[in-house]
């Protein structure tokens with residue numbers, strides 16, 4: 003599947019790629035923002051609870067910042083995309099498969115790998131790291147807000163600690179994870195979709211498998227990438 | 332005459348069920364051949380093998396002189412550009428309009444918009460769907476969907492046209508309309524046509540030659556006039572017991 007998709011570069015359908023870029027980016031922003039905001043706030047509150055008596059709360063920005071940029075931002079974004087975009091891709095392709103629409107494309111001489119699969123994988127791989135950056139920003143902002151209003155840690159203190167302990171490696175690591183997660187989610191979801199069998203029941207099974215396998219492989223690749231970069 | 336489609340000793344099984352058991356036949360250029368047989372005999376499987384959608388367990392298929400299971404995928408896609416396939420389910424793109432469905436093969440090849448409009452308008456008129464190009468697929472009846480599917484298969488003027496049960500599930504009036512449209516297109520275009528059906532009237536009215544598929548094999552090969560004269564006991568028996576046609 004990957005070979006056929008990549009070999010389709012020469013005949014990319016620009017409009018399909020832009021459609022998929024929009025689907026992954028604009029349409030996912032709200033849910034990613036919401037999840038990142040609440041995660042940032044709860045991370046502040048719970049981190050404060052964990053370090054209370056052990057470390058000064060002035061260091062909260064450092065710990066929360068690292069947690070969000072290295073782990074929570076990328077993984078949370080990926081799990082949301084696995085549920086939202088992964089399910090959508092798998093069910094759309096699965097429906098096209100069981101209603102013979104993919105076969106119809108094939109017999110017209112139109113390659114579904116080039117016209118449907120590759121644009122989705124490309125869009126997911128390009129957009130996920132950008133969504134990770136957005137989630138990082140939302141998470142850190144909401145975390146600073148929660149720190150200020152619930153824990154009385156001033157913004158200046160929070161961000162000073164964050165910047166003092168921020169390494170570019172943390173940020174790059176998150177981006178690399180985003181790229182890998184985007185690729186994993188779209189590839190698995192496309193694979194599940196185009197290999198669907200048994201009608202409506204099959205569509206449901208493929209969609210469910212796309213979400214489960216995407217999520218599992220996101221966590222697995224998170225461990226592998228994390229071990230390589232930070233291990 | 333040049334052979335457009337040739338099959339050699341095709342075998343196909345699904346688990347323990349043997350569907351095709353040594354199918355060999357030739358279809359010459361410009362010929363209309365019907366593959367007739369009762370439901371579940373493997374007609375659709377055979378048609379899908381002919382376009383490379385299903386791989387046979389054994390045997391060979393040559394389309395336009397090329398062994399389609401021993402060529403590169405890009406070559407197979409190129410060959411398919413010259414094949415029109417009308418699916419039993421119509422297989423229309425349900426998120427697109429009638430116009431977009433028919434124009435699809437041109438749009439992906441980036442054909443000039445004016446040319447696309449002209450070709451789509453022409454084929455819509457041929458299938459009696461003029462003025463309905465903006466309807467969504469979900470707004471169409473079964474018969475209309477079938478006409479759009481025929482239009483989509485023929486709009487690129489392919490050399491070989493394959494019909495899979497074109498009249499299945501249609502009411503008698505719509506069925507006659509589809510037969511009339513197919514008859515008109517077959518007579519006008521003179522393209523090589525393979526029709527898979529269990530509808531005896533379709534077979535007799537639209538084909539030059541009829542292959543009777545039975546228990547995975549081509550049991551008999553007859554002309555429409557021979558069928559009408561009742562020369563095949565198998566076919567008479569089939570249509571007496573099944574009420575086919």
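Protein chains in written order, with this note's numbering: chain A, 3 to 233; chain B, 332 to 576. Idealized CB from N, CA, C, for every residue including glycine.
Between the stretch 154-171 of chain A and the stretch 217-227 of chain A, the count of Cβ pairs shorter than 8 Å is below three; the stretches do not touch.
Annotation: the continuous alpha helix (DSSP H) that includes residue 29/A extends over 28-53.
Chain-ordered, the chain B residues with CB closer than 8 Å to the CB of residue 101/A read 420, 422 and 425. For the 9 Å CB-CB criterion, residue 79/A and residue 161/A do not form a contact. Between residue 479/B and residue 468/B, the gap from beta carbon to beta carbon is short of 9 Å. When DSSP states are grouped into helix, strand and coil, residue 440/B belongs to the coil group. Rounded to the nearest angstrom, the Cβ distance from residue 407/B to residue 454/B is 25 Å, too far for a contact under 8 Å. A buried status is given to residue 476/B, since no fewer than 16 other beta-carbon atoms sit within 10 Å of its beta-carbon. Within chain A, the residues placing a beta-carbon under 9 Å from that of residue 414/B are 109, 110 and 111, ordered along the chain.
Listed along the chain, the chain A residues whose CB falls inside 7 Å of the CB of residue 409/B are 111. Closest by C-alpha distance to residue 419/B, out of 375/B, 524/B and 519/B, is 375/B. Collapsing the DSSP output to three states places residue 392/B in a strand. Residues of the stretch 382-400 of chain B that bring their beta carbon within less than 9 Å of a beta carbon in chain A comprise 382, 383 and 384, in sequence order.
When C-alpha distances from residue 383/B are compared across 505/B, 428/B, 403/B and 532/B, the shortest belongs to 403/B. With contacts defined by Cβ atoms closer than 9 Å, residue 106/A and residue 422/B form a contacting pair. The straight-line gap separating the alpha-carbon atoms of residue 399/B and residue 30/A is approximately 43 Å. Among the residues facing chain A, residue 508/B is not included, as its CB has no counterpart in that chain under 9 Å away. Where residue 350/B is concerned, the enclosing beta strand (DSSP E) starts and stops at 348-359. Burial state of residue 233/A is exposed, judged by a 10 Å Cβ sphere holding fewer than 16 other Cβ atoms. Take residue 495/B, set aside five residues on each side of it, and the residues of its chain with a beta-carbon closer than 7 Å to its own are 375, 378, 417, 418, 419 and 527, in chain order. Note on geometry: alpha-carbon atoms of residue 550/B and residue 543/B lie some 6 Å from one another.
For the stretch 119-187 of chain A, the full-length alpha helix (DSSP H) segments reaching 4 residues or more read 120-153 and 157-166 along the chain. In the DSSP annotation of this structure, the continuous segment of the beta strand (DSSP E) that includes residue 548/B starts and ends at 548-553. For residue 434/B, the CB contacts under 6 Å within the same chain, skipping 5 residues up- and downstream, are 447 and 451 in chain order. According to the DSSP assignment, residue 416/B belongs to the beta strand (DSSP E) that extends over 414-417.
The alpha-carbon of residue 449/B is positioned some 12 Å away from that of residue 437/B. For residue 225/A, the enclosing alpha helix (DSSP H) covers residues 201-232. Nearest C-alpha to residue 547/B among 483/B, 343/B, 338/B and 413/B: 343/B.
DSSP, read as helix, strand or coil, puts residue 117/A in helix. For residue 360/B, same chain residues with a beta-carbon under 6 Å away, outside a window of 5 residues either side, are 332, 333, 335 and 523 in chain order. Excluding five sequence positions before and after residue 513/B, the CB atoms of its chain that fall closer than 6 Å to its own CB belong to 537, given in chain order.
The stretch 85-98 of chain A makes contact with the stretch 183-201 of chain A: 3 or more CB pairs, one atom from each, lie closer than 8 Å.
Under the three-state reduction of DSSP, residue 428/B is assigned to strand.
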